[in-house]
Amino acid sequence: MDLAQASAAYRGELLAHCYRMLGSLHDAEDLVQETMLRDWRFAGGYDESRGSIRTNSALQRAHARLAAASPSADGAGLVQPSDDTSRDLLDRYMAAFTRMDVEALKGTLREDALLQMPPFPEWFLGRDAIGEFMATGFARGGSFRFAQTRANGQPALGVYRRRNGDAHRFLQVQVLTMTETGIAQIDAFHVSGLYAQFGLPAVLED
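Take a look at the structure:
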C-alpha cells in the first residue's frame with residue numbers, strides 16, 4: 000500500500016477528530032490537508048515510530064481551541080469499556096433511538112453525560128437534560144435508521160431519518176464516547192455531506 004492509499008484510509012477519522020475539536024468543517028479540512036501535506040513532504044524519510052508526532056503537532060492548536068470553548072463532562076470514572084460492554088451499549092442505544100424511547104435511551108447514558116452538536120453552540124449536560132432534548136426531536140415524528148462507522152477510534156453512527164413516507168436520508172454523524180458505566184459523551188455533527196467523508200450513503204434503502 001502506497002502513502003496515498005494509507006492516508007486515504009484514515010482521512011475520514013482524522014477529519015471527524017479535527018471537526019470534533021474545531022466545530023468548523025472548513026477549518027477541519029484545512030487541518031487534515033496540512034497534516035497530509037506534511038506526510039507527503041517527509042514521505043521519503045518516514046519513520047513509523049514518529050508518525051504520530053507530526054499529527055499531534057498539527058492538531059495542537061485544535062486541542063487548545065476546544066479546551067477554551069467547550070463544556071466537558073466530569074472526567075472521573077471514564078474507564079474504557081470491554082468490547083462486550085461497548086457492543087451492548089451501542090446496541091441498546093440504537094434500539095432505544097429507533098423506538099424513540101427516551102427512558103431507555105437515558106438508561107444507556109452516564110448521569111453526567113454530555114451532548115454537543117457542532118457547529119451549533121448548544122450543548123446539554125446530564126442524562127435528564129439530554130433526554131428532554133431528545134424527546135423534542137422524537138415528537139416531530141418520522142423514523143430512524145443507522146449506519147455504523149468509526150471516528151478517531153471510537154464508535155460512530157451515521158443517523159438517517161425518514162419523514163412523511165420518504166426514504167431515510169442522512170441527518171448527522173454521532174461519535175460516542177463509551178465507558179464501563181455508560182455513554183459519557185455524544186458528539187452529533189450536523190453537516191450536510193459529511194456522510195461522504197465516512198464512506199456512508201446519502202440515503203439508506205429500505
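Mapping of the sequence shown onto numbering that gives the first Met the number 0: position 42 corresponds to residue 41, and the numbering continues sequentially without gaps.
Virtual Cβ for every residue (Gly too), placed ideally from N, Cα, C.
1) Assuming contact is defined by CB atoms lying nearer than 8 Å, are residue 173 and residue 158 in contact in what I supplied?
2) Tell me where the alpha helix (DSSP H) around residue 91 begins and ends.
3) Taking the continuous beta strand (DSSP E) assigned at residue 148, which residues delimit it?
4) So, helix, strand or coil for residue 107, using DSSP?
5) Would you call the region 175-190 and the region 113-120 in contact, with 3 or more CB pairs under 8 Å?
6) Which term fits residue 196, buried or exposed, when burial requires 16 or more other beta carbons within 10 angstroms of its beta carbon?
7) With H, G and I counted as helix, E and B as strand and the rest as coil, what does DSSP make of residue 187?
8) Looking at residue 103 and residue 95, is the spacing between their C-beta atoms short of 8 Å?
9) Would you kindly work out how many angstroms separate the C-alpha atoms of residue 193 and residue 171, rounded to a whole number?
10) Consult DSSP for residue 112 and reduce its assignment to one of helix, strand or coil.
11) Would you list the one or two residues that DSSP bridges to residue 182?
Here's the rundown:
1) yes
2) 82-98
3) 142-150
4) coil
5) yes
6) buried
7) strand
8) yes
9) 8 Å
10) strand
11) 108, 177
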